[in-house]
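In what follows, a single structure is set out as structure tokens and then discussed.
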Amino acid sequence: MKDGSNILLYGVPGSGKSWTIEHEYCHPESVVERLVFHPDYTNSDFIGQILPAVDKEDDNQVTYEFTPGPFTSILYDAYNHPKKEYILIIEEINRGNAPAIFGEVFQLLDRISDEKTVDGVKYPVGTSEYGITNRYIAEVVYGDPRHKVRIPSNLSILGTMNTSDQNVFTLDTAFQRRWKMRLIENNFDNVRLSLAEAEILDTGVTWRRFCETINTQIVGNKAKMSSSEDKRLGVYFVHEIDLMYNKADIPINHDKLLAELNELLKSEMGGTISEDGEKRLREIRAALMQNRIFPEKVIKYLWDDAFKFNPDAVFDTMDNKDLDSLEAVIRMFIYEREKARFNIFRKEIRDHLYQ
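For any residue, its number in this note's numbering is found by taking its place in the sequence shown, counting from 1, and adding 14.
Written as structure tokens, this is what we have:
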């Protein structure tokens with residue numbers, strides 16, 4: 015990043031915002047500080063606060079000193095090392111009350127677009143246009159409490175924001191206008207093939223096929239969903255390991271598996287299980303643990319969030335009365351095999367997955 019900037023990357027969860035920051039904005043020589051905003055995060059956490067400290071010369075004497083937060087600390091480093099590039103990354107910026115967290119520092123987000131000289135000091139492009147008075151920050155950064163505080167041009171601030179987050183703080187227009195906004199498109203153009211083409215367990219369906227099929231249904235369901243675009247599955251919603259299948263020699267017929275599992279559990283509880291039985295039980299447990307990662311993450315999201323108010327839009331709840339709860343849906347997905355796992359979905363969804 016040539017000049018200091020404030021950039022806010024936004025998009026659906028898992029669209030690749032953090033990936034984009036890591037690969038397009040950060041470089042090996044960049045000095046990066048990363049933090050996360052949340053509802054309990056305050057201006058004192060961000061800027062710094064006065065805390066009690068033991069006097070260095072008298073252990074029995076308590077003094078009160080300003081302890082810098084991450085913003086003040088990276089500001090100090092950037093000011094004192096002007097040749098280095100510094101980046102402050104704020105993840106989930108709208109999960110905290112960002113304007114309140116920034117406080118008066120909010121004014122520093124205005125950056126100059128041309129070199130500017132103030133009181134004989136030349137400020138390069140990307141420096142804060144206006145200086146603020148904050149004796150605590152100034153004392154730490156400049157060693158002079160009267161010095162005007164500015165963000166230097168070698169310090170950029172990058173933020174990420176999920177557009178689908180509920181119960182979060184709204185970023186007002188005055189705050190947003192001080193950032194360059196960048197929408198991270200939710201597509202597979204830059205997703206590595208090993209993830210995009212990874213098979214979901216033993217189903218024969220790739221993550222790309224599943225994600226695009228479900229997202230088409232979500233976007234086409236606008237009449238019954240508010241902000242349907244924001245409910246889409248992000249292309250990075252899962253990791254490759256979430257899709258991996260543990261074969262563990264599990265019987266194709268899930269009824270046989272349940273019968274075998276129940277017998278082994280009875281033997282274990284009764285203290286009569288054999289060594290081979292213990293080994294088999296460990297295999298089954300390991301397989302079930304691995305094979306339920308995908309449904310517990312993705313299917314749960316679709317049932318509890320994306321299609322919370324109309325699950326019948328994708329789930330086969332109308333024709334299959336057994337699918338009356340998330341527990342029943344996940345149970346069917348886990349204990350079925352191959353294509354039958356997707357019998358939890360309506361026929362038209364299944365047809366799209368396998369066309």
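Using N, Cα and C, we set each Cβ at its ideal position, and we do this for glycine too.
Beta-carbon separation (whole angstroms), residue i vs residue j, contact threshold 8 angstroms
i, j, result
"Gly248", "Val26", "5 angstroms"
"Ala114", "Asn57", "6 angstroms"
"Tyr250", "Ser29", "7 angstroms"
"Phe85", "Phe51", "12 angstroms between Cβ atoms; not a contact."
"Glu213", "Leu257", "7 angstroms"
"Ile344", "Glu289", "So it is not a contact: roughly 32 angstroms between Cβ atoms."
According to DSSP, residues forming a beta bridge with residue i
i, result
"Gly173", "Leu22, Ile104"
"Met195", "Leu22"
"Phe80", "Ile64"
"Val163", "Ile146"
"Tyr137", "Lys130"
"Val45", "Tyr100"
"Val50", "Glu105"
Residue i versus residue j: straight-line alpha-carbon distance, rounded
i, j, result
"Glu297", "Ile255", "18 angstroms"
"Phe356", "Pro325", "15 angstroms"
"Phe189", "Ser142", "15 angstroms"
"Asp365", "Glu36", "38 angstroms"
"Asp54", "Lys136", "39 angstroms"
"Arg206", "Glu153", "47 angstroms"
"His81", "Glu350", "For the sequence presented, residue 81 should be read as Thr rather than His. Cα to Cα, the separation comes out at about 57 angstroms."
"Leu295", "Thr286", "13 angstroms"
"Val6", "Arg223", "Nothing in the structure corresponds to residue 6, since the chain is present only between 15 and 369."
"Ile363", "Asp330", "9 angstroms"
"Ile348", "Ile358", "11 angstroms"
"Arg246", "Tyr93", "42 angstroms"
"Leu22", "Thr187", "13 angstroms"
"Gly284", "Ile313", "35 angstroms"
"Asn229", "Glu277", "41 angstroms"
Test: residue i CB closer than 7 angstroms to a CB of chain B
i, result
"Leu207", "Of the protein chains in this structure there is only one, and it is not chain B."
From the options, residue whose alpha carbon lies closest to that of residue i
i, options, result
"Glu352", "Ala112, Thr147, Tyr39, Asn305", "Asn305"
"Leu337", "Ala67, Gly157, Asp319, Arg360", "Arg360"
"Arg192", "Asn200, Ser127, Lys98, Gly134", "Ser127"
"Leu172", "Arg164, Gln369, Arg196", "Arg196"
"Gln369", "Ser288, Asp203, Thr227, Val163", "Thr227"
"Ile165", "Ile232, Lys31, Arg125", "Arg125"
Spatial neighbours of residue i in its chain, beta-carbon cut-off 8 angstroms, leaving aside the 5 residues before and after
i, result
"Ala237", "For Ala237, the predicted model reports a pLDDT of 45, less than 50, meaning its position is unreliable and no value from the coordinates is stated."
"Arg149", "Pro159, Arg160"
"Gln63", "Phe80, Thr81, Gly83"
"Tyr39", "Met15, Ile21, Ile101, Ser170, Leu172"
Neighbourhood of residue i by C-beta distance below 7 angstroms, restricted to the same chain and skipping five residues each side
i, result
"Pro138", "Glu129, Ser167"
"Val68", "Val76"
"Ala342", "Asp336"
Own chain, CB closer than 6 angstroms to residue i, minus 5 neighbours either side, in chain order
i, result
"Gln121", "Tyr144, Ile146"
"Phe183", "Asn108, Asn111"
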